[in-house]
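Chemist:
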Amino acid sequence: MESFIERLFPVQEEDIDYEAIYEVLFQLYQNPIDVNKADSEILQASYLLSPLQISNLLEYRKINGDFISLYELQAIPEFDLLTIENLLPFVTIGGNGSRTKPFFQRLKEEENAYLLFRHRRTWETRRGFTPADTSRNGTLSTRYLGDPNDFYLRFRIQRPRDFSIGMTLEKDPGEQFSWDGKTARYGFNFLSFHITRYFVGKWRTIALGDFQASFGQGLVFGAGYTLGKGAETVPTVRRSSFGILPYTAALEFGYFRGVGLTRQIKNWQTTFILSNAPRDGRISLTLDSLENTVETISSLTQTGLHRTPSELSTKNQIREVNLGGNLQFNHPSGRWMGGANVLHTQFNRPWIRDPRIYNQFEFSGQTNQVGSLYFNYYWKNFSLFGESAISKSKGTGTVIGLVSSLGKTIDFSLLWRNYDRDFHSFYSSGFAENTRPINERGLYMGIQVMPTKVWRINAYYDSFRFPWIKYRVYSPSRGYEWLGRISYQPRRNLLAFLQIRNEKKDRNLPNTGEPSLPYLVSPIYKINSTLSLETQLTRNLFLRSRVLWSQVEIEQNKTYGLMVLQDVQFGKNKWRITGRAALFDAETYDNRLYSFENNVLWTFSVPAYSGRGIRHYLLGQYQFNQKLTAYFRFARTTYTDREVISSGLQTIEGPRQTDTAFMLRYFLQ
């Protein structure tokens, strides 16, 4: 599972909340797919099967009827042993008989009910936790209101395709425990909850509380995440219509709060969404044409942090109402489907941005509407898909692509996208080079070749351009990105690969100081490579060795980064220990290196390494009994090129940063 997730996620370039993405995927994999009922859409959503394998599975089921046993998967053409082993944890046949029992009895007897508690902390003192300084004019400097502890508490009980009930509470470092209804702080700073039922009569889904939605290619309803470009170069470009999903992450935006209903009538599916959710943002006072004072939204904040009086003043200042719907038709053959989306969003105040040259086509106003049409079609070994959307501003967004098995050993993907500079969709996560689908046109091509059972070649090339200027790029620009990966796996317990990624983008150069040339735009060239060897030496001992390298070229000036790491994992019976030792040397922040790290359960970690230093961590897991499992992680980064870490209130006076994480999971049954 770990290596699979690592391949799925794109190479991290921005400060994206990958825990939220990980959470959505983990939900999908916790709900096994019924191979007797799954259509092509559900099978594709697993990212475990090629179009040829999906087509062969559907054809086998059509000819031979429902599967009696999972052993039958061996009889499907192109299903090799490795594919079946990867698939088995996520598939099932039929349901269990307990569905005939009353709901409250099923709820009472469900074994998958647990409590989760997590504590995290940085042990060096950051400036925000030190006593306030007095400035020359006698005012006190800002400091964090709370303590440096990070607390996370979750309760959840769920049964696949039946129900899910849960609550999540979180307090970030620097936030204070406080009971204050005005700022929606009830001890913990963030509270999320959901009650979701599945297949109640003709109701496919009934969701109350916090939830997300995913339909089409994510141009209207994107469920808050997109996999984008990664080592899995073919299947991840296509999105799947998961429908309504409970929201269980701790990210404090990007979800609906209210009611979500999906009704199934034969091959038609109708979804209704009503949401009234608080949002963080800053309020400004402006004068209208009659010189009356008007409150407007100057910005929406998405950090979820409320550590200082200034940050706390943004909490829940805005109400956002969403009214949306989806209509979808699934053909009885399971080979094609089509649908329509619509979403109306209204804020309780107008959103008027601080005018900048790069944001003049961004959303402005109090309401937005966006609608789309989408389709997915399976024809032989081809999966064709697309979605086209239009927003209130008349800006449009379009995605068209295909995923194909060109032969038994070759898979191919192609995707074209076009997002206008005034296309506005707040819950979109369509395929894009930008963090949002706006002001972009591009063409992506991906390929996977398996010349033999032990060799695999993955590659993609993505060409993109930005017709209008954007933040830090004050002219229309263009770029490209390509990745190549060669993997060698002679047996299940040994894997080696070499991966190279090359990127070219334009970016503003530092201000020259000349009034006539305030900004110059120049291309930035980046190369990142990874050489990896991992092996399961014995049943209990796993080793991973990696070398990561980067090069950045700006105006013929080259800088470099290098990282060498060694992972060791050892476990027996009830316990497991995972450790890493790493050396890194990155000349600039642009040379930063990312490497996936093991962490406590339900916690995803891909930190950025820059500067020069040593990184090591140790993760322990112990299962006391069938109900209680404990996790503890100790991580330390020691820099050799600095005496101060970070800046502002996050400053640590010293070259070392030590972090710990402790988690308990307790099953109630």
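If you use the working numbering, the sequence shown corresponds to residues 695 to 1363, in order. Glycine residues also receive a C-beta, built at the ideal position from the N, C-alpha and C atoms. Note that this is a predicted model, so its numbers are computed, not measured.
Report yes if the CB atom of VAL1036 is closer than 9 Å to the CB atom of SER1066, and no otherwise.
Modeler: Result yes, Cβ atoms of VAL1036 and SER1066 sit closer than 9 Å.
Chemist: Rounded to the nearest angstrom, what separates PRO972 and VAL988 at their Cα positions?
Modeler: If I take the Cα positions, the gap works out to 20 Å.
Chemist: Per DSSP, which one or two residues make a beta bridge with TYR1283?
Modeler: Paired residue(s): none; TYR1283 is not in a bridge.
Chemist: Ends of the beta strand (DSSP E) at ASN970?
Modeler: 962-973 is the extent of the beta strand (DSSP E) around ASN970.
Chemist: Give me the DSSP bridge partner(s) of HIS1038.
Modeler: The partner list for HIS1038 (beta bridge, DSSP) reads LEU1017, GLN1063.
Chemist: Report the three-state DSSP secondary structure of LYS865 (helix, strand or coil).
Modeler: Three-state DSSP puts LYS865 in a strand.
Chemist: If you drop the 5 nearest sequence neighbours on each side, which residues of the same chain put their C-beta closer than 7 Å to that of PRO1145?
Modeler: Hits under 7 Å: THR1103.
Chemist: Taking PHE1326 and GLY1314 to be in contact with their CB atoms under 8 Å, please state how far apart those CB atoms are, rounded to whole angstroms.
Modeler: That belief holds up - the Cβ atoms of PHE1326 and GLY1314 are roughly 5 Å apart, short of 8 Å.
Chemist: Kindly indicate which residue of PHE1117, ALA1034, ILE938, GLN1040 has the alpha-carbon position closest to the one of GLY910.
Modeler: The shortest Cα separation from GLY910 among PHE1117, ALA1034, ILE938, GLN1040 belongs to ALA1034.
Chemist: Using the Cβ count rule (16 or more neighbours within 10 Å means buried), how would you classify LYS1009?
Modeler: LYS1009 is buried by the Cβ-count criterion.
Chemist: Find the nearest neighbour of TRP1030 within the set ARG1350, PRO726, SER734, VAL1338, judged by alpha-carbon distance.
Modeler: Of the candidates ARG1350, PRO726, SER734, VAL1338, the one whose C-alpha sits nearest the C-alpha of TRP1030 is SER734.
Chemist: Consult DSSP for TYR1219 and reduce its assignment to one of helix, strand or coil.
Modeler: Correct three-state label for TYR1219: strand.
Chemist: Just curious, the beta strand (DSSP E) that LEU1054 is in, first and last residue?
Modeler: The question names Leu, yet the displayed sequence has Gln at residue 1054. GLN1054 -> no beta strand (DSSP E), and no H or E assigned at all.
Chemist: Would you kindly work out how many angstroms separate the C-alpha atoms of PHE887 and SER1077, rounded to a whole number?
Modeler: Looking at the two C-alpha atoms, the distance is approximately 36 Å.
Chemist: Could you tell me which of LYS865, PRO854, ASP827, TYR765 sits nearest to ASP844, measuring between CA atoms?
Modeler: Comparing Cα positions, the closest option is LYS865.
Chemist: My assumption, with CB atoms under 8 Å, is that LEU1017 sits in contact with LEU839. Please give the rounded CB distance.
Modeler: Between LEU839 and LEU1017 the Cβ distance is about 36 Å, and since that is not below 8 Å, they are no contact.
Chemist: For the region 901-916 against the region 1118-1128, are there 3 or more C-beta pairs whose distance is under 8 Å?
Modeler: A contact exists between the region 901-916 and the region 1118-1128.
Chemist: Skipping 5 residues on each side, what residues in its chain have a beta carbon closer than 6 Å to that of LEU1312?
Modeler: Cβ within range, chain order: GLY1273, PHE1328.
Chemist: Quick one: what's got a C-beta closer than 7 Å to ASP709's C-beta in the same chain, skipping five residues either side?
Modeler: Here ASP709 scores only 45 on pLDDT, less than 50, and its place in the model should not be relied on; the value that follows carries that caveat. Nothing listed; no residue qualifies.
Chemist: Since GLY1305 contacts ARG1336 with CB under 8 Å, what's their CB separation in whole angstroms?
Modeler: Sure, about 6 Å apart at Cβ, within 8 Å.
Chemist: Suppose contacts are defined by Cβ-Cβ distances below 9 Å. Is LEU1108 in contact with GLY1140 by that definition?
Modeler: Taking 9 Å as the Cβ cut-off, LEU1108 and GLY1140 qualify as a contacting pair.
Chemist: What residue range does the alpha helix (DSSP H) around THR777 cover?
Modeler: Segment 775-781, the alpha helix (DSSP H) holding THR777.
Chemist: How should ALA1355 be labelled, buried or exposed, when 16 other C-beta atoms within 10 angstroms of its C-beta is the threshold for buried?
Modeler: Its Cβ being crowded by 16 or more others within 10 Å, ALA1355 is buried.
Chemist: Tell me which residue opens and which closes the alpha helix (DSSP H) that LEU752 is part of.
Modeler: Per DSSP, LEU752 belongs to the alpha helix (DSSP H) from 745-758.
Chemist: Looking at ILE748: is its Cβ nearer than 9 Å to the Cβ of TYR1072?
Modeler: Cβ distance < 9 Å, so ILE748 and TYR1072 count as in contact.
Chemist: Measure from the alpha carbon of LEU968 to the alpha carbon of each residue in GLY998, ALA943, ALA826, GLN906, then state which is nearest.
Modeler: Comparing Cα positions, the closest option is GLN906.
Chemist: Give me, in chain order, the residues of the same chain whose beta-carbon lies closer than 7 Å to that of ASN1042; leave out the 5 immediate sequence neighbours on both sides.
Modeler: Excluding residues within five positions, the ones whose Cβ falls inside 7 Å are ILE1012, ARG1013.
Chemist: If ASN1152 and THR930 are in contact, beta carbons under 8 Å, what's the gap, nearest whole angstrom?
Modeler: Going by Cβ atoms, the distance from ASN1152 to THR930 rounds to 11 Å, so no, they are not a contact pair.
Chemist: Is ARG1233 buried or exposed, if buried means 16 or more other CB atoms sit within 10 Å of its CB?
Modeler: Exposed.
Chemist: Among all the DSSP beta bridges, which residues are the ones paired with THR1090?
Modeler: Looking at the DSSP assignment, THR1090 forms a beta bridge with ILE1084.
Chemist: So ILE1346 packs on ARG820, CB below 8 Å; how close in whole Å?
Modeler: Confirmed, Cβ separation roughly 6 Å.
Chemist: Using CA atoms only, rank isn't needed, just tell me which of GLY895, TRP1045, TRP873 is closest to LEU979.
Modeler: With distances taken between Cα atoms, LEU979 lies closest to TRP1045.
Chemist: Rounded to whole angstroms, what's the CA-CA distance from LYS1198 to SER1171? Just pull it up for me.
Modeler: Rounded to the nearest angstrom, the two C-alpha atoms are 11 Å apart.
Chemist: Cα separation between GLY1348 and GLU818?
Modeler: Cα to Cα, GLY1348 sits roughly 8 Å from GLU818.
Chemist: Distance, Cα to Cα, ILE1132 vs PRO745?
Modeler: Cα to Cα, ILE1132 sits roughly 29 Å from PRO745.
Chemist: Who pairs with ARG855 in a beta bridge, going by DSSP?
Modeler: For ARG855, which the question treats as bridged, DSSP gives no partner whatsoever.
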